[in-house]
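To convert, take the position in the sequence shown, counting from 1, and add 128; that gives the working numbering.
Glycine included, each C-beta is placed from N, C-alpha and C at the ideal position.
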Amino acid sequence: MRAAHSIRLLARVALLLGVTLVVQVLRLPTPVTGPLVNLMLILSTALVGAAGGVVIGLLTPWAALFLGILPPALAPAVPFIMAGNALYCLLFGLLNTRFKGGDLVGVGVGSILKFVLIAAPVSYLLQLPAPMVEILLAPQLINALIGGVAALLLIRPLRQALSNRG
129 MRAAHSIRLL
139 ARVALLLGVT
149 LVVQVLRLPT
159 PVTGPLVNLM
169 LILSTALVGA
179 AGGVVIGLLT
189 PWAALFLGIL
199 PPALAPAVPF
209 IMAGNALYCL
219 LFGLLNTRFK
229 GGDLVGVGVG
239 SILKFVLIAA
249 PVSYLLQLPA
259 PMVEILLAPQ
269 LINALIGGVA
279 ALLLIRPLRQ
289 ALSNRG
């Protein structure tokens, strides 16, 4: 029975990663893609746990770089974006069910700390051109908040649908 659960979990992580990558492949405008990717990070964390969300969050910056969503000049920022995504998922995963409103606090705190974890090294450690820094940092906090709040609206109905289907 445990193997079946592990396979189901792995399949769900793979499916959620696939949906997240499709969002990136669609090459929608950044104000659409950014919140949708963050929505998928929080939704994935809620549906398959923090570890699954972190895995997806670690892969999406590379996809953005390889698809040209992230300009090549920002390649040195990829490890920090990965860390920011991981922290975003971990904080939401930790706070989501701890107390009433923990899901909203998790999105809020996760968004802010994700932004700080990306902004500090990009602004102070990396020698990036100012326009590149602006491209990367300007939307980060807003995208994380919008995507996270949108995900909160979908979590309960999706959990119910998945529990009805097994």
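- Leaving aside the five residues that flank Asp231 on each side, the residues in its chain whose CB is nearer than 7 Å to its CB run, in chain order, Asn224, Leu280.
- A Cβ-Cβ separation of about 6 Å places Thr188 in contact with Thr148 under the 8 Å criterion.
- Contact annotation: Ala174 and Ile283 have beta-carbon atoms nearer than 9 Å.
- For a cut-off of 8 Å, the C-beta gap from Ile246 to Gly212 is around 4 Å, short enough to register as a contact.
- In this structure Ser251 is exposed. Its beta-carbon is surrounded by fewer than 16 other beta-carbon atoms within 10 angstroms.
- DSSP places Gly180 inside the alpha helix (DSSP H), whose first and last residues are 178-194.
- If you look at Thr148, you'll find it in the alpha helix (DSSP H) that goes 130-153.
- Between Pro257 and Ala205, the C-beta spacing is not below 9 Å.
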